[in-house]
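Encoded as structure tokens, the structure appears first; notes follow it.
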Amino acid sequence: MSDTIVLAIESSCDETAVAIAKNDTEILANVVATQIDVHKDFGGVVPEVASRIHVENISMVIEQALKQADLKVSDVDAIAVTQGPGLIGSLHVGVQAAKTLAWAFAKPLIPVHHIAGHIYANAIVTSLQFPLMALVVSGGHTELVYMRDEWRFEILGTTQDDAIGEAGDKVGRVLKLPYPGGVYVDRLAKEGKNIYQLAKPKAQNELDFSFSGLKSSVLQFIDRCARKQEEYDPASLACSYQECALQELLGPTRIALKRYQPKMMVLAGGVAANSRLRELVENDLKKEFTNIAFHVPPLSCCTDNAAMIAVAGSVAYRHGVRGDFTLTADPGMELCGV
Amino acid sequence: MKTLCMDSAHKHLVIVLIEDGKIISACEKECWKRQSETLFPELINCFEEAKWSVDDIDEVVISDGPGSYTGVRIAMSIAKVLCTTKNIPLSCVSTLQLYAGLNENCYSLLDARSKRAYFAHYHSGKLIGEESAVDLADIMNVLADHKGVLVGDCELVGKEKKPISLAEHFCALLPYARKITNIHTLTPRYLKENDAYKVK
Ligand SMILES: [Zn+2]
């Protein structure tokens with residue numbers, strides 16, 4: 002059997018990324034042009050700014066990826082692209098670029114869901130075992146995804162309000178930490194203790210999540226201290242917030258693991274880089290569920306990149322997923338039915 | 008010499024295939040905010056009608072704005088990727104220039120929302136002065152003092168729309184298109200610079 006090579010483009014948020022994968026998981030090229038320094042100046046991702054940088058970078062990033070893999074577009078078997086979810090203006094640039102390559106070089110076009118990419122990022126470093134449970138946590142997502150089999154996705158639970166990464170960034174902002182706040186909350190939390198009582202989040206469905214109540218509770222705590230002119234320890238507030246948020250994450254995860262008894266459980270998404278979350282999985286979940294193989298991805302696999310889209314795109318390609326030339330960015334794309 | 012022209016910067020989608028100065032196939036339709044899904048199917052139709060293949064293209068010409076921020080990025084993303092991977096020269100015309108065509112003493116006006124318009128004075132394909140985003144009231148003052156042809160979103164200043172063919176304008180403007188020396192660094196001309204940087 003000959004090799005299958007997939008080139009993938011990811012532009013759903015603030016990274017213009019292109020990667021090339023061989024036979025699903027061998028990454029021949031992985032180029033990311035990050036915009037983080039620009040967005041730092043604004044304290045967050047400004048969609049129009051992100052779109053502008055994508056169009057500026059896109060052709061260069063494609064060229065660099067091809068150079069890194071020492072390939073020409075004609076050597077590639079298929080073009081995969083993140084169709085959604087994400088920022089519409091940002092997604093447009095990647096989707097048009099992918100359609101251009103598919104048209105100009107007569108290659109199949111493979112639309113990929115961003116979350117499928119995050120889950121399949123794990124396949125780069127371990128072989129996935131099904132049924133599989135994935136906890137997808139990022140600035141835009143908090144989802145429990147159950148995969149009965151390869152390329153079958155079922156969303157068991159999701160956040161009813163903020164994504165966990167979003168809540169962490171906001172808490173970071175009120176603690177006057179740099180952008181992205183969640184990363185710095187995690188760092189600061191290490192120097193503090195879990196001593197402050199914050200409102201416990203409560204989602205209606207036992208497999209769903211909620212973070213906005215907890216986030217408001219942190220804001221109210223700070224306001225109250227200011228009103229009463231009381232001092233508080235920011236590190237301990239960060240720690241108290243983070244413990245509360247992570248327990249909210251692990252509650253539904255435990256229920257789902259008991260109910261579905263998967264062979265493997267993976268973390269995915271940017272917040273999978275959170276050191277305390279990784280610790281809780283390693284120290285607690287692993288011991289509680291000895292029949293399940295837990296996989297915590299290396300940091301390089303957590304953040305947005307195109308290698309994950311290339312891997313997911315390769316699997317989708319094998320499963321016959323194809324997009325036609327009317328394909329357009331879908332900012333609210335659903336994972337089910339992929 | 009085979010030229011592919013594309014414009015998705017404003018309300019229209021324009022695709023023109025030109026061979027030695029003659030239009031071989033064209034698509035020109037109102038397509039507000041639907042350029043992203045419509046462009047490729049129309050492009051493929053045009054290529055079938057003209058019996059061209061991608062490798063026949065000798066040059067690409069696009070409008071690089073001003074216009075809808077998302078719209079202008081559609082054709083530009085395509086052109087940047089197509090031209091760099093296929094080694095095809097790329098040239099640009101301004102969207103205002105495209106609407107003006109080779110008209111003499113022509114004022115070109117495109118809706119920029121918030122009671123403003125992208126506005127420029129073109130004479131036989133050449134820019135007089137500069138392109139800018141101007142308040143509609145100021146444009147009305149300019150038009151009251153100056154005689155000339157008005158093209159684009161004329162209704163914004165209470166004038167009647169003059170029918171024009173953007174496909175024919177592309178064809179006529181080929182000698183005036185600006186050749187892009189470094190395609191990778193090409194970016195749209197947005198004109199209303201400050202708007203993008205307003206943090207919500
Ligand atoms: Zn992501």
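Quick mapping for you: the protein sequence lines, in order, are chains A and B.
Quick note: to get the working numbering, add 1 to the position in the first sequence (first position is 1).
Quick note: to get the working numbering, add 7 to the position in the second sequence (first position is 1).
Yeah, the Cβ is synthetic: ideal placement off N, Cα and C, and Gly gets one too.
Bear in mind the structure is a predicted one, so any value in this text is a computation, not a measurement.
Problem set entry | Residue span of the alpha helix (DSSP H) that contains A/H69, given as start and end | On the first sequence, residue 69 of chain A is found 68 positions in, with the first residue counted as 1. Per the sequence shown, the amino acid found at residue 69 of chain A is Gln instead of His. A/Q69 -> alpha helix (DSSP H) spans P48 to A70.
Exercise. Which value, in whole angstroms, describes the spacing of the CA atoms of B/E66 and B/L11?
Worked result: Residue 66 of chain B sits at position 59 when you count from the first residue of the second sequence. Residue 11 of chain B sits at position 4 when you count from the first residue of the second sequence. For B/E66 and B/L11, the distance between alpha carbons rounds to 6 Å.
Exercise. When the Cα atoms are used, what is the spatial distance from A/G314 to A/I116?
Worked result: Counting from 1 along the first sequence, the entry for residue 314 of chain A is found at position 313. Counting from 1 along the first sequence, the entry for residue 116 of chain A is found at position 115. So the alpha carbons of these two residues sit roughly 12 Å apart.
Exercise. Using the beta-carbon count (16 or more within 10 Å), is A/R228 buried or exposed?
Worked result: Reading the first sequence from its first residue, position 227 is the one you call residue 228 of chain A. The residue in question, A/R228, is exposed, as its Cβ has fewer than 16 Cβ neighbours within 10 Å.
For this session: For chain A, find out if any of its Cβ atoms is closer than 8 Å to the Cβ of B/E44; answer yes or no.
Result: As a first step, residue 44 of chain B must be located in the second sequence, where it is residue number 37. For B/E44, the answer is yes, since a Cβ of chain A falls inside 8 Å of its Cβ.
For this session: Counting only the same chain and skipping the five closest in sequence on each side, list residues whose C-beta sits under 6 Å from that of A/Q161.
Result: For the purposes of this step, residue 161 of chain A is taken as residue 160 along the first sequence, with counting starting at 1. Hits under 6 Å: A204, D209 and S211.
Exercise. Along the chain, where does the alpha helix (DSSP H) that runs through B/L143 open and close?
Worked result: In the second sequence, residue 143 of chain B corresponds to position 136, counting from 1. That run of the alpha helix (DSSP H) goes L143 to D152.
Problem set entry | Nonlocal neighbours in the same chain, by C-beta distance under 8 Å from A/A51, ignoring five residues either side | The sequence position of residue 51 of chain A within the first sequence is 50, counting from 1. Cβ neighbours of A/A51 within its own chain (closer than 8 Å, five residues either side excluded): C14, D15, Q36, H40, L88, G90 and S91.
Exercise. Once you ignore the five residues that flank B/S70 on each side, which residues in its own chain have a CB closer than 6 Å to its CB?
Worked result: Locating residue 70 of chain B in the second sequence gives position 63, where the first residue counts as 1. Closer than 6 Å at the Cβ level, and outside the excluded window around B/S70, lie D14, A16, V100, T102 and L105.
Exercise. So B/P48 is in the alpha helix (DSSP H); what residue range does that whole segment cover?
Worked result: For the purposes of this step, residue 48 of chain B is taken as residue 41 along the second sequence, with counting starting at 1. First-last of the alpha helix (DSSP H) with B/P48: Q42 to A57.
Exercise. So, helix, strand or coil for A/R153, using DSSP?
Worked result: Counting from 1 along the first sequence, the entry for residue 153 of chain A is found at position 152. Looking at A/R153 - three-state DSSP - the assignment turns out to be coil, as it is neither helix nor strand.
Exercise. In chain order, what residues of the region 82–106 of chain B put their CB closer than 9 Å to some CB of chain A?
Worked result: A82, M83, S84, I85, A86, K87, V88, L89, C90, T91, T92 and K93
For this session: Check whether the Cβ atoms of A/P253 and A/L145 lie closer than 8 Å to each other.
Result: Along the first sequence, one-based indexing puts residue 253 of chain A at 252. Along the first sequence, one-based indexing puts residue 145 of chain A at 144. Taking 8 Å as the Cβ cut-off, A/P253 and A/L145 qualify as a contacting pair.
Problem set entry | Any non-hydrogen atom of ligand 1 within 7 Å of A/H55 CB | Stepping through the first sequence from its first residue, residue 55 of chain A is reached at position 54. Because no heavy atom of ligand 1 lies under 7 Å away, the Cβ of A/H55 does not count as near it: no.
Problem set entry | Supposed contact pair A/A135 and A/V267 - C-beta distance, whole angstroms, cut 8 Å | Reading the first sequence from its first residue, position 266 is the one you call residue 267 of chain A. Reading the first sequence from its first residue, position 134 is the one you call residue 135 of chain A. Confirmed, Cβ separation roughly 5 Å.
For this session: Consider the C-beta atom of B/G74 and the heavy atoms of ligand 1; say whether any pair is separated by less than 7 Å.
Result: For the purposes of this step, residue 74 of chain B is identified with residue 67 of the second sequence, where counting begins at 1. Checking every heavy atom of ligand 1 against the Cβ of B/G74, none is found closer than 7 Å.
For this session: Run down chain A in chain order and give the residues with a C-beta less than 8 Å from the C-beta of B/T188.
Result: Taking the second sequence and counting its residues from 1, the one referred to as residue 188 of chain B is at position 181. What B/T188 touches in chain A: nothing, since even the nearest Cβ is about 14 Å away.
For this session: Please work out which residues of its chain come closer than 8 Å, Cβ to Cβ, to B/H191, disregarding the five sequence neighbours upstream and downstream, and give them in chain order.
Result: The residue given as residue 191 of chain B occupies position 184 in the second sequence. The residues are K87 and T91.
Exercise. Under 8 Å, do B/E49 and A/T329 count as touching if we go by C-beta distance?
Worked result: Within the second sequence, numbered from 1, the residue matching residue 49 of chain B stands at position 42. Within the first sequence, numbered from 1, the residue matching residue 329 of chain A stands at position 328. No, the pair does not count as a contact, with Cβ atoms beyond the cut-off.
Exercise. When DSSP labels each residue in this structure, what does B/K133 get in the three-state scheme?
Worked result: As a working mapping, residue 133 of chain B is identified with position 126 in the second sequence. Strand.
For this session: Would you identify the three-state DSSP class for B/D14, choosing helix, strand or coil?
Result: Within the second sequence, residue 14 of chain B is the residue found at index 7, counting from 1. Looking at B/D14 - three-state DSSP - the assignment turns out to be strand.
For this session: Would you give the residue range spanned by the beta strand (DSSP E) that A/Y233 belongs to?
Result: Here residue 233 of chain A corresponds to residue number 232 of the first sequence, with the count starting at 1. Note, A/Y233: premise wrong, no beta strand (DSSP E); not H, not E.
Exercise. Would A/F326 count as contacting chain B if we go by Cβ distances under 8 Å?
Worked result: Taking the first residue of the first sequence as position 1, residue 326 of chain A is located at position 325. So yes, A/F326 belongs to the interface.
Exercise. Does A/K100 come within less than 8 Å of chain B when only Cβ atoms are used?
Worked result: Numbered from 1 along the first sequence, position 99 holds the residue referred to as residue 100 of chain A. By this cut-off, A/K100 is an interface position.
For this session: Determine contact between the region 66–78 of chain A and the region 8–27 of chain A, defined as no fewer than three beta-carbon pairs at a distance below 8 Å.
Result: Yes, since at least three Cβ pairs between the region 66–78 of chain A and the region 8–27 of chain A fall closer than 8 Å, the two stretches touch.
Exercise. With respect to 7 Å, is the separation between the Cβ of A/A271 and the closest non-hydrogen atom of ligand 1 below this value?
Worked result: Taking the first sequence and counting its residues from 1, the one referred to as residue 271 of chain A is at position 270. At residue 271 of chain A the sequence reads Gly, which differs from the Ala that was named. Within the cutoff, so yes.
Problem set entry | Continuous alpha helix (DSSP H) stretch holding A/S315: start and end | Residue mapping note: residue 315 of chain A aligns to position 314 of the first sequence, counting from 1. Unbroken alpha helix (DSSP H) run through A/S315: A308 to R319.
For this session: Would you verify that the beta carbon of A/H40 is, or is not, closer than 8 Å to some beta carbon of chain B?
Result: Against the first sequence, residue 40 of chain A aligns to sequence position 39. No, because no Cβ of chain B sits closer than 8 Å to the Cβ of A/H40.
Exercise. Which of the three DSSP states, helix, strand or coil, is assigned to A/Q84?
Worked result: Position 83 of the first sequence, counted from the start, is the residue given in the question as residue 84 of chain A. If DSSP states are grouped into helix, strand and coil, A/Q84 belongs with the strands.
Exercise. Across which residues does DSSP place B/K186 in a beta bridge pair?
Worked result: Translated into positions along the second sequence, residue 186 of chain B becomes position 179. Paired residue(s): B/S98.
For this session: Can you grab the Cα-Cα spacing for the pair A/K191 / A/K216, in whole Å?
Result: Position 190 of the first sequence, counted from the first residue, corresponds to residue 191 of chain A. Position 215 of the first sequence, counted from the first residue, corresponds to residue 216 of chain A. So the alpha carbons of these two residues sit roughly 19 Å apart.
Exercise. Within 8 Å (strictly less), CB to CB, does A/C14 reach chain B?
Worked result: Within the first sequence, residue 14 of chain A is the residue found at index 13, counting from 1. No, A/C14 lies away from the interface with chain B (no Cβ there is under 8 Å from its Cβ).
Problem set entry | Minimum Cβ-Cβ distance from A/M334 to chain D less than 8 Å | The chain labelled as chain D is not found among the protein chains of the depicted structure, namely A and B.
Exercise. So is A/Q243 buried or exposed if we call it buried at 16+ other beta carbons inside 10 Å?
Worked result: Against the first sequence, residue 243 of chain A aligns to sequence position 242. Per the 10 Å Cβ criterion, buried.
Problem set entry | Contact set between the region 59–77 of chain B and chain A, restricted to residues whose Cβ is under 7 Å from the partner | Residues passing the 7 Å Cβ filter: V61, Y76 and T77.
Problem set entry | Residue from B/K133, B/C178, B/L89 and B/T188 with nearest C-alpha to B/K29 | Within the second sequence, the letter at position 22 stands for residue 29 of chain B. If we check each option's Cα against that of B/K29, B/C178 comes out closest.
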